[in-house]
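As numbered in the numbering used here, the sequence shown has no gaps in its residue numbers, which increase by one up to the final residue, 422.
Glycine included, C-beta positions come from ideal geometry on N, C-alpha and C.
Here the structure is a predicted model, which means the values were calculated and not measured.
Notes follow the structure.
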Amino acid sequence: MRRIQAGNALSAFGLGFTVPYLYVYVAQVRDLGATTAGAVLGAFAMAALVALPFTGRIIDRRGPLPVLVGAALLASVGAMSMGLAGDVTTVVLSAAVLGAGTAVMQPALATMIVWASRPSGRTRAFALQFFMQNLGLGLGGLVGGQLVDKSRPGSFTLLFGIEAVMFLVLAGIAVTIRLPRPAPLPGTPAGQTGARGGLRVLLGHKAMVQLCVLGFVLFFACYGQFESGLAAYGTEAAGIEPATLGTALAANTAVIVLAQFLVLKFVERRKRTRVIGAVGLIWAVAWILAGYAGLGSGSQAMATAAFISTYALFGLGEALLAPTVAPMVADLAPESMVGQYNSAFALVKQLALALGPAIGGPMGASLHGPYIVTFVLFSLGITVLAVRLGRQLTPVQNQPSLGAVSRVVAQHKPADKSAAAV
């Protein structure tokens with residue numbers, strides 16, 4: 001498990017190392033213009049949408065390890081070719097290869113966590129994964145920012161070269177891992193454990209479909225707004241300085257790092273859907289604070305504080321979601337379809353992250369009031385969808401700690417009978 005989590009950190013470090021600088025690299029350093037830079041970012045996202053539908057079935061047939069190794073090698077090739085690219089065709093193709101490789105890593109790593117953990121330990125395992133991903137992204141962005149220099153194209157070549165090496169290291173770590181088969185969740189029907197199928201089976205699983213809808217709203221209303229709609233709203237409506245956006249993102253990361261393991265006991269003792277419902281309420285408050293920052297009549301200092309608090313509250317919600325949503329996907333999946341369920345959820349996330357900026361960006365920049373109202377309603381919708389999802393889950397799927405209690409009781413029954421007989 002340590003090596004899997006190290007792989008999570010390395011994949012996130014690689015993304016944080018270069019992705020924030022793709023636009024500057026293409027548009028300014030290689031002097032290919034803003035249009036080409038937009039095409040590169042689009043190719044990066046679209047490649048993920050193309051690759052993910054096929055990823056899950058391959059994971060379930062071949063196992064997550066070869067998929068992870070292949071994805072890491074593909075991402076390494078994409079990163080290296082991006083660092084050496086000098087024309088439009090090469091940078092777009094390189095971005096597509098890099099985007100496909102990094103996207104495929106995520107369901108492969110998630111499936112490895114499922115295989116390497118028991119249902120009772122998945123909450124903590126996925127919480128640690130989220131922590132390691134944020135740590136990797138933060139460190140990657142920090143170190144990458146110290147290396148790049150727009151006046152020296154060679155600094156970007158070095159940046160992408162280091163990223164390529166990091167992905168090779170990830171592939172090297174992966175080949176040393178030996179995985180057991182996943183343990184089924186207590187109470188899983190026998191027919192479901194050995195299920196075989198594809199998209200038809202997944203679409204026929206009502207709880208999983210509802211979870212995917214909920215996941216889309218979660219990612220659209222939060223992650224899809226961070227660097228687009230909310231940033232545009234902050235600068236245009238609230239008068240937030242660009243440097244303050246960095247402070248707000250730092251506050252978001254700090255809350256995640258500080259709260260992630262503090263909230264675990266709270267999450268483990270409660271139904272997952274109730275925790276997700278609480279996140280919807282927390283994010284509704286966050287959007288109301290953002291509304292105050294841009295639409296209120298307070299001072300600029302108050303607006304800045306409210307805006308930073310918005311990002312901090314988003315971080316608290318993220319810390320609560322990490323140990324609930326991802327392990328729920330794993331616990332809903334039949335044993336033979338874990339990869340397909342993880343890939344389907346990753347695809348939903350990618351769609352939300354693609355549509356979020358496209359819709360939220362223009363709204364945040366010009367339709368300030370409607371923008372806030374829209375996402376307050378989206379946040380409340382999260383709570384409603386979570387409550388509805390709870391009705392589709394078994395008690396153990398909604399709160400895995402109940403399964404651990406049941407096993408302890410079952411193990412003690414024979415001893416109790418023996419003691420009574422004596």
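Residue Phe-17 holds the alpha-carbon nearest to the alpha-carbon of Gly-138 among Met-363, Phe-17, Ile-372 and Leu-377. Assignment of Val-143 by DSSP, reduced to helix, strand and coil, places it in the helix class. Rounded to the nearest angstrom, the gap between the Cα atoms of Leu-211 and Leu-65 is 26 Å. Three or more beta-carbon pairs separated by less than 8 Å are not found between the segment 72-85 and the segment 115-135, which leaves the two stretches without contact. Straight-line measurement puts the Cα of Val-50 at about 11 Å from the Cα of Gly-101. In the three-state reduction of the DSSP assignment, Val-175 falls in the coil class, being assigned neither a helical nor a strand state. A direct Cα-Cα distance of roughly 14 Å separates Phe-13 from Gly-99. Distances from the CA of Ala-248 to each of Met-337, Ile-59 and Ser-309 were compared; the closest alpha carbon is that of Ser-309. Residue nearest to Ala-386 within the set Ala-306, Ala-254, Gly-277 and Gly-172 is Gly-277 (criterion: CA-CA distance). Secondary structure in the segment 115-169: the alpha helix (DSSP H) runs of 4 residues or longer, each lying completely within the stretch, are 122-147 in chain order. Less than 8 Å divides the Cβ of Leu-109 from the Cβ of Leu-68. In the structure shown, the three-state DSSP call for Ser-297 is coil. Annotated three-state conformation of Gly-239 is coil, per DSSP.
For Arg-3, the uninterrupted alpha helix (DSSP H) run begins and ends at 2-18, by DSSP.
When DSSP assignments are scanned along the segment 29-68, the uninterrupted stretches of alpha helix (DSSP H) that are 4 or more residues long and fall wholly within it turn out to be 33-62. With fewer than 16 other Cβ atoms from the protein chains shown falling within 10 Å of its own Cβ, Gln-28 counts as exposed. When the alpha-carbon of Gln-397 is set against those of Leu-245, Phe-156, Phe-345 and Pro-119, the nearest one is in Pro-119. Non-local beta-carbon contacts of Lys-271 in its own chain, meaning distances under 6 Å to residues more than five positions away in sequence, involve Asn-398 and Gln-399 in chain order. Within the same chain, Cβ atoms closer than 7 Å to the Cβ of Thr-383 are found at Gly-277, Gly-280 and Leu-281, the five residues on either side in sequence being excluded. Annotation for Ala-303: Ala-238 and Ala-293 place their beta carbon closer than 6 Å to its own, counting only its chain and skipping 5 residues before and after. Going by beta carbons, Val-24 and Leu-32 fall outside the 8 Å limit.
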